[in-house]
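Dropping the structure here:
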């Protein structure tokens, strides 16, 4: 039995906080990474997966990290924790390489990409400048960067996100490392680019015979190309093993929960599975299928015709060009239904939502709400209608004023729209809404920073509910949340729609999520609508090239993955 | 409906017992843990009290009196003593004590009548002979005034000028910066034009220009400090308001129907107040230093007042003669406060925004 | 690039106009009637009236402003009210000493401060770091006046290592004999705040993601510091240096006064003391223009060191 490439045993890491207390990041974990294997390290935020990968390289900050004495990290039989600084430096970049989540900030902005690749080569292999330069060009060709001879002189900010990540990969494989650690390398990228990068990593792995430690929160991504998987939660390993085995027959309730709470493309349960469904110990019952779709002739609550929003960009002293963020978008939103707007970054989908709400001023077009065009109204006329269209933003950490208590956040809209006779009535309403979104009553006096991302989105939802809107725009509202939390929030949104008959505009780049919650889907690309139709038919039969490309980019789950859901 | 799964049900219960913590109270807790910061805070508070005492007349009031020998040394230093006596005359107290005159020699004096009259006037005044002190706690200046008293009064003047000036600069800079950053477009252009005017002229020149045309005094100092320093606050606040305006919580406030003023002052301002607090400290320190320089050059507080700068103005002449105690006093008084203030500023910054160490 | 420079020069005009308006307001509206000052001892009505005509004070305010504008455009501010020397000649002869002092001061300060700051940032958190920080803080709390007075007293008067004050005639005489003491004192004053600022620039860069990448590539800490961090930290440092140069004028005013250096700073102090408005106005305007041009150069330099900056 050959020694594994990496052996982690009994790894226990604590971090010292500013008030003197210790935070247990890793609570004695053990696992192996064999040679020539792709191992996925899966976990949600706070699971300790990033800490593990950083510890492997010996890169944790010395000042506040406490590694337990019994912990052991072995690379090719040698203990990493016992290495001298010099040995560690040879290890890094030479034997183990790492790529990170945000390539823009991970590359040095003032050096060309060529220089940064050459630097690695010269550090670990004594190469002449000329030879290193040639090798850099070869590497860029290998990772698929077009025009490498000229691009070698480019600065990081001149490249797109996908291209930057390719450069990071080139730097990483330059010295033929035995282990490549990829820490959420595709999370910040568009779906279509994501697929390309994953394919590139797989190709490199096979070609160079490396092992890959792929750290991610997204199980869907993992199923396609990982050999083994380790599932972590709260600093502990829940389950590990060969991927097909773990996915087919998960033993730990958390693994089961993770596998099931992701929206699927083939089945639409009435409620998505959440962690609690599995932690209780009872077997999980798959809910019935919910059918969605729309019929012509249903009451329409919002009709948008030829909406345009152009931004003026200065190109010269007196010259401007129009950036057509939204270019002639038309759709109809039926009452009580959900219209999903899908697109990648730059498609204009968020701009549509902002413009309808008059957060941005539209350039032309009309939006008919109950027959009246809300875009051309004066501010006074629009004021009473403002409360009927509300929005939930993407970033739960930015949409609540950190200086307000939750109570103040909920009561403010009531004050502005004269809801509730007096203070008591408003407070009562606020507390009842907190209950409705599933938060404890004492949240009323707390501040946003005391809550997690999912809880903050609930507060944001409660804020909207105070105004009893007819239309709710969800602008990537679940994109920043962990998969299990996402499922809870989606369920909440669905329950509210059922109860209050609200109509949703659900904007997202995540196709599975959109399919789960939408009746009708609109696909956008560069400001234009390229396809629109019933949710199921668009996925089953995409007409436009772009839609087909988007759907093809969704990580293809092997057959045994889908079969799981009948658990 | 289930809670967010990141907490087990038990942990959620424990959470409820802890009282709510605003960002300000968290910052205060962090500051309390910082020993250096707390000591600096104490020192600054002590100075502030001293300042207030000075204005209320509780300390340093008597600085104008010549109570000692000119250039009397401090009591803790060894020095050759010198002594003189001087007569001090006080206003009529009402009693008429006869002073015996030693005029028994009896030559007829043509001025006797006038002298008698003068004597009668003189007798209405109490004549006291005071011995001038030969040493004071911190010594005396060239006119025999108590250096300690002057230092206390000087503290009062220098510190309050700086505090007032900093406060005015912050108010002006914040309001203008908020308007420029929030509304943008032509309003921003106009205000930036103002900003560029005031920043094109170097601080010293601007101060001197104002000092050249306005009369001396404390209010002038406060005015010119405010007029030269508002630009730092303006630039900061403009950037902050521009940044916050694009944040989601402001868009959310917009969505629920909040108006401009509400968004600017009820929402954004509390989120930048920590920056203002740090700026206030920094500006105060800068103004203390500037006041010293200006008063030294003769453009600061008038002759009737004393300040650290005015005291320093007397120092070069004293040093040549070897009298070092006024310089030492002023330097120590000022240095302790400025050091404490600077350390406090650093601690405040760390407590309010604990990212970079 | 050229269009950028042209555009910037074009944008300077409203600012300059604004400064002129400000000065005009101060000296004409607030400053009071200078004819009494100039009349000197003879306070006869005719003298005062003739002086007012000479100065153009009998004209309307807009006309006076136009005269001011003309003065700026032709760079001719008339003669000094106290010395009757042409203002332009005063300025021409006084620039040299000021520049010599300022330039040497800034360069020396930059050199020492960078050295300190880099070393302190490298050993961040160590006793060395903390000691330097504390000493800097205390050093900064002492007024520049005390430095000058004490420096002059001890190093020149007592120790007689340097002349107490004065200025010579030749370049080398000035540079080697009269500049050193003010230079030493000046550097002592500015090293502390500069070191603190540069240190914070370094530390800010050390917390960036690309430093993590550099370490992950296996580079030594020294290389990470000197190559990656230093190069990026130069951007805010250069910005800081360029924008602080105009503010060194404060210090140089004091230096020139104490050390009897016949520079612009000394000149303007004399002018303010004697209410010599033409000199004050002229020096201010010249300095403002110099600073605006300097800022433009600074921005161009910025573009050169930071590839992300686009000039458009």
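Residue numbers (the numbering used here), protein chains in the order written: chain A, 1 to 567; chain B, 1 to 357; chain C, 1 to 312. Note that CB positions come from ideal geometry on N, CA and C, so glycine has one too.
For residue i, count neighbouring Cβ atoms within 10 angstroms of its own Cβ and tell me buried if that reaches 16, exposed if not.
| i | result |
| --- | --- |
| residue 97(B) | Caution applies to residue 97(B), whose pLDDT of 45 falls short of 50 and renders its modelled position unreliable; the model cannot decide the point. |
| residue 150(B) | buried |
| residue 113(C) | buried |
| residue 110(B) | exposed |
| residue 30(A) | exposed |
| residue 545(A) | exposed |
| residue 209(A) | exposed |
| residue 618(A) | With chain A covering 1 to 567 only, the question about residue 618(A) has no answer from this structure. |
| residue 469(A) | buried |
| residue 381(A) | exposed |
| residue 321(A) | exposed |
| residue 342(B) | buried |
Residue i to residue j, Cα distance in whole Å?
| i | j | result |
| --- | --- | --- |
| residue 55(B) | residue 147(C) | 30 Å |
| residue 456(A) | residue 406(A) | 9 Å |
| residue 8(A) | residue 211(C) | 26 Å |
| residue 6(C) | residue 16(C) | 16 Å |
| residue 243(A) | residue 225(A) | 9 Å |
| residue 467(A) | residue 250(A) | 44 Å |
| residue 439(A) | residue 96(A) | 44 Å |
| residue 222(C) | residue 291(B) | 44 Å |
| residue 113(A) | residue 323(A) | 29 Å |
| residue 306(A) | residue 532(A) | 15 Å |
| residue 202(B) | residue 249(C) | 7 Å |
| residue 149(A) | residue 197(A) | 21 Å |
| residue 287(A) | residue 263(A) | 13 Å |
| residue 167(C) | residue 258(C) | 12 Å |
| residue 534(A) | residue 258(A) | 28 Å |
| residue 371(A) | residue 460(A) | 29 Å |
| residue 539(A) | residue 25(A) | 41 Å |
| residue 288(B) | residue 233(B) | 17 Å |
For residue i, which residues in the same chain have their Cβ closer than 8 Å to its Cβ, ignoring the five residues on either side in sequence?
| i | result |
| --- | --- |
| residue 58(A) | 80, 81, 83, 88, 91 and 92 |
| residue 179(C) | 100, 101 and 104 |
| residue 77(A) | 3 |
| residue 345(A) | 190 and 509 |
| residue 157(C) | 164 |
| residue 268(B) | 178, 182, 240, 241, 244, 245 and 250 |
Is residue i near the ligand FAD - that is, is its Cβ less than 8 Å away from at least one heavy atom of it?
| i | result |
| --- | --- |
| residue 286(C) | With respect to small molecules bound, the structure shown includes none, and the ligand FAD cannot be examined in it. |
Kindly list the residues whose CB is nearer than 7 Å to the CB of residue i, restricted to its own chain and excluding five residues on each side of it in sequence; keep chain order.
| i | result |
| --- | --- |
| residue 47(B) | 155, 159 and 337 |
| residue 464(A) | 390, 392 and 472 |
| residue 270(A) | 287, 288 and 290 |
Take residue i and list the residues in its own chain whose beta-carbon comes closer than 6 Å to its own, dropping the five residues that flank it on each side.
| i | result |
| --- | --- |
| residue 529(A) | 329 and 522 |
| residue 190(C) | 109 |
| residue 252(A) | 238 and 239 |
| residue 415(A) | none |
| residue 553(A) | 191, 192 and 195 |
By the 9 Å beta-carbon criterion, what residues does the segment 240 to 262 of chain B contribute toward chain A? 247, 248, 249, 250, 251, 252, 253, 254, 255, 256, 257, 258, 259 and 262
Could you run through the segment 264 to 276 of chain B and flag, in chain order, every residue whose CB is less than 7 Å away from some CB of chain A? 267, 270 and 271
Spell out a yes or no on whether the segment 241 to 260 of chain B and the segment 311 to 329 of chain B are touching, meaning 3 or more CB-CB pairs, one atom from each, closer than 8 Å. no
Closer than 9 Å between beta carbons: that is the criterion. Which residues of the segment 22 to 44 of chain B meet it against chain A? 22, 23, 24, 26, 29, 30 and 33
Under 8 Å, CB to CB, which of the residues in the segment 100 to 114 of chain A have a partner in chain C? 100, 102, 105, 106, 107, 108, 109, 110 and 111
Is the segment 358 to 366 of chain A in contact with the segment 505 to 521 of chain A, if contact means three or more CB pairs nearer than 8 Å? At 8 Å Cβ cutoff, the stretches do not touch.
Does the count of Cβ pairs from the segment 232 to 248 of chain A and the segment 56 to 74 of chain A closer than 8 Å reach three? no
Counting beta carbon pairs with one atom in the segment 135 to 149 of chain C and one in the segment 71 to 88 of chain C, are three or more of them shorter than 8 Å? no
Between the segment 19 to 31 of chain B and the segment 437 to 452 of chain A, are three or more C-beta pairs nearer than 8 Å? Between the segment 19 to 31 of chain B and the segment 437 to 452 of chain A, the count of Cβ pairs shorter than 8 Å is three or higher; the stretches touch.
The segment 269 to 303 of chain A: which residues have C-beta closer than 8 Å to a C-beta of chain C, in chain order? none
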